[in-house]
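Engineer: So that we are looking at the same thing, I have put the structure below in structure tokens.
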Ligand code: HEC
Ligand code: HEC
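Residue numbers (our numbering): 884 to 1115.
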């Protein structure tokens, strides 16, 4: 525990001025997962400034936010409110992915606003649904399964997976199935939001997906992900 705290403090020292008091206190809060209420969002970003700043991101997230590696999510067309929230969570070390976390720690609030505006303005490239698995996925996506208390995904993510920008519910269309499978599995296992010490954290709305993902079987997750990859 002492060691874990020291590691966390070292990371906090690295974060320097970009750490908000909220983030620090959440890292050290004892007991149950602390819901993370994002700091007031900065003003809407600038798409052109974001395009310049996105050069470094394109190494993994692809040209115009269309990734070619299925483990790295596409960001094209994602709503800016969701992207901003996720970048704040990465920067604070609450969504502690070892590849993405170091990319976020140096971003200012203005960078985050500009990058989010830029990716929201890009067009998602078409991916195809996997013909062998998508039918069960389509049924669950549009109708859910009331016998297992699974709501229709489209209620929040929209009929063609464009998400709900007003509520910051993410778009899922044209996303790589490999990435989507990892996220749904992580929600179910409580691994999507863990801090630098490995302790569970939470995002503002993450509990919704944790509850839903726990009700999905591995087959459901595969079928949904391969179907959603073809949505547009
Ligand atoms: C070295 C590769 C790499 C680079 C460079 C990179 N990312 Fe990422 N990014 C990732 C990976 C891997 C994930 C998925 C993490 C996970 O599995 O949870 C990710 C996830 C994200 C997400 C979450 C997407 C979602 O749907 O929840 C956002 C937003 C994001 N990155 C933005 C950026 C921005 C902005 C930059 C440039 C400043 C950037 N990334 C640079 C690898 C990278
Ligand atoms: C009640 C609204 C609601 C319903 C219904 C819902 N979701 Fe979500 N979903 C959310 C919210 C909110 C988030 C973002 C939560 C967070 O991590 O902060 C999310 C996130 C996700 C993500 C992560 C996206 C990314 O880019 O990392 C996936 C994948 C997902 N949902 C799939 C599904 C599937 C599949 C279903 C149907 C079985 C579903 N959702 C039903 C609200 C919902």
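For glycine and all other residues, C-beta sits at the position ideal for the given N, C-alpha and C. This structure is a prediction, so every number in the text was calculated from the model and none was measured.
Could you tell me whether the stretch 1090-1098 touches the stretch 1070-1082, where touching means 3 or more Cβ pairs closer than 8 Å?
Structural biologist: In short, these stretches touch, since the Cβ pair count reaches three.
Engineer: For residue 1056, which option in 1002, 1045, 1066 and 1049 has the closest C-alpha, if you only look at C-alpha atoms?
Structural biologist: Counting from one through the chain shown, the residue named residue 1056 turns up at place 173. When only C-alpha atoms are compared, the closest one is 1045.
Engineer: Applying the criterion that 16 or more other CB atoms from any shown protein chain within 10 Å of the CB defines a buried residue, is residue 968 buried or exposed?
Structural biologist: The residue given as residue 968 occupies position 85 in the chain shown. So residue 968 ends up on the buried side.
Engineer: Can residue 998 and residue 945 be called in contact, C-beta distance under 8 Å?
Structural biologist: Reading the chain shown from its first residue, position 115 is the one you call residue 998. Reading the chain shown from its first residue, position 62 is the one you call residue 945. Taking 8 Å as the Cβ cut-off, residue 998 and residue 945 do not qualify as a contacting pair.
Engineer: Between the alpha carbons of residue 941 and residue 1060, how many angstroms are there, rounded?
Structural biologist: For the purposes of this step, residue 941 is taken as residue 58 along the chain shown, with counting starting at 1. For the purposes of this step, residue 1060 is taken as residue 177 along the chain shown, with counting starting at 1. Each residue's Cα considered, the two are about 20 Å apart.
Engineer: What span of residues does the alpha helix (DSSP H) with residue 980 cover, start to end?
Structural biologist: The count along the chain shown starts at 1 and reaches residue 980 at position 97. Taken as a continuous stretch (DSSP letters only), residue 980 belongs to no alpha helix (DSSP H), as it is neither H nor E.
Engineer: For the alpha helix (DSSP H) that residue 930 lies in, which residues bound it at each end?
Structural biologist: Translated into the one-based positions of the chain shown, residue 930 becomes position 47. Unbroken alpha helix (DSSP H) run through residue 930: 930-936.
Engineer: Out of 977, 1096 and 1114, which has the shortest C-alpha to C-alpha gap to residue 1028?
Structural biologist: Taking the chain shown and counting its residues from 1, the one referred to as residue 1028 is at position 145. Comparing Cα-Cα distances from residue 1028 to each of 977, 1096 and 1114, the minimum goes to 1096.
Engineer: Would you report the Cα separation of residue 1051 and residue 1014, rounded to the nearest angstrom?
Structural biologist: In the chain shown, residue 1051 corresponds to position 168, counting from 1. In the chain shown, residue 1014 corresponds to position 131, counting from 1. Residue 1051 and residue 1014: Cα-Cα distance of roughly 30 Å.
Engineer: Give the range of the alpha helix (DSSP H) segment to which residue 1076 is assigned.
Structural biologist: Here the question's residue 1076 lines up with position 193 in the chain shown. Neither: residue 1076 is in no alpha helix (DSSP H) and is coded neither H nor E.
Engineer: Exposed or buried, what is residue 1100 when buried is set at 16 or more other beta-carbons lying within 10 Å of its beta-carbon?
Structural biologist: Stepping through the chain shown from its first residue, residue 1100 is reached at position 217. Exposed.
Engineer: Distance cutoff 8 Å, beta carbons only. Does residue 1094 sit that close to anything in chain B?
Structural biologist: Absence of chain B from the displayed structure is noted, only one protein chain being present.
Engineer: Helix, strand or coil: how does DSSP classify residue 1057 here?
Structural biologist: Position 174 of the chain shown, counted from the start, is the residue given in the question as residue 1057. Residue 1057 falls in the coil class under three-state DSSP.
Engineer: Tell me the start and end of each unbroken alpha helix (DSSP H) in the stretch 1082-1115 that is at least 4 residues and wholly inside, in chain order.
Structural biologist: List check, alpha helix (DSSP H) in window: 1089-1096 and 1101-1111.
Engineer: Quick one: Cα of residue 910 to Cα of residue 1079, how far?
Structural biologist: Position 27 of the chain shown, counted from the first residue, corresponds to residue 910. Position 196 of the chain shown, counted from the first residue, corresponds to residue 1079. Only weak support exists for where residue 910 lies, its pLDDT of 30 falling under 50; the coordinates are left without a value.
Engineer: Rank 1001, 982, 943 and 938 by C-alpha distance to the C-alpha of residue 965 and give the top, closest one.
Structural biologist: Sequence index remark: in the chain shown, residue 965 carries index 82 (1-based). Ranking the options by Cα distance to residue 965, first place goes to 1001.
Engineer: Can you tell me which of the three DSSP states residue 1028 falls into?
Structural biologist: Taking the first residue of the chain shown as 1, we reach residue 1028 at position 145. Strand at residue 1028.
Engineer: Specify, as a first and last residue, the run of the alpha helix (DSSP H) that residue 986 falls within.
Structural biologist: Counting from 1 along the chain shown, the entry for residue 986 is found at position 103. Unbroken alpha helix (DSSP H) run through residue 986: 984-987.
Engineer: Closest by CA to residue 976, which one among 994, 956 and 1086?
Structural biologist: The residue you call residue 976 lines up with position 93 of the chain shown. Considering only alpha carbons, the answer is 1086.
Engineer: With DSSP run on the structure shown, which of helix, strand or coil describes residue 899?
Structural biologist: Residue numbering aside, residue 899 sits at position 16 when the chain shown is read from its first letter. Model confidence at residue 899 stands at a pLDDT of 33, short of 50, so the residue's coordinates are unreliable; what they give is reported in the following sentence. In this structure, residue 899 counts as helix in the three-state DSSP scheme.
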